[in-house]
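Worksheet: one structure, shown below.
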Amino acid sequence: MDKHSKEVRSFNMSQVKSKDTKPEILVRKFLFSKGLRYRLYDKKLSGKPDIVLPKYKTVIFIQGCFWHGHENCKYASIPKTRTEFWLNKIEGNIKRDKSSIQKLIDEDWNVLQVFTCELKKDKREQTLNNVLKNIESQFNS
């Protein structure tokens, strides 16, 4: 049973942002500090990636663990209420993500997915450095 009324839950969910989230801004500030320039939310590309680095032919999706069904992640647990609805919703998101990523790969884009749990303080530095190494390896290949 949900501890909030339907109206309160609806309002809470409506406040979930899809652009300019804290995790996105963390990654963008890091990339900018390393001299990398990027575009945001390119509608011409499949899945409308959060960050596009055209010079490196790389796109980055910053994914919420819950919304994108991050496997084996404590933040991706299915709610106990309306379980079937949430399973269908998240499975649909995963299917859409896979399709978008495959289209980008077919167009020779380097696709990176960063989940929000990977940007928690204990993993942030390693995650951001891995992103940078991946981008640089694309440029040097």
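Numbering of the sequence shown is given in my numbering, commencing with residue 3 and proceeding in unit increments. We put the CB at the ideal spot given by N, CA and C, even for glycine.
Proximity of residue i and residue j at Cβ, strictly below 8 Å
i: ILE107; j: VAL113; result: yes
i: ASP52; j: HIS70; result: no
i: ALA78; j: PHE87; result: no
i: VAL61; j: LEU47; result: yes
i: THR23; j: ILE64; result: yes
i: GLY49; j: ILE103; result: yes
i: PRO56; j: LEU121; result: no
i: ILE137; j: TYR58; result: yes
Where residue i sits in the DSSP three-state scheme
i: ILE53; result: strand
i: PRO60; result: Rather than Pro, the amino acid found at residue 60 in this sequence is Thr. Three-state DSSP puts THR60 in a strand.
i: PHE68; result: coil
i: LEU42; result: strand
Per DSSP, cross-strand counterpart(s) of residue i
i: PHE117; result: GLN65
i: ASN74; result: Note: ASN74 sits in no beta bridge, so no partner.
i: ASN131; result: BP columns for ASN131 are empty, so no partner.
i: ASN112; result: THR60
*asked:* Would you call the region 32-40 in contact with the region 70-83, where contact means no fewer than 3 C-beta pairs closer than 8 Å?
replied: no
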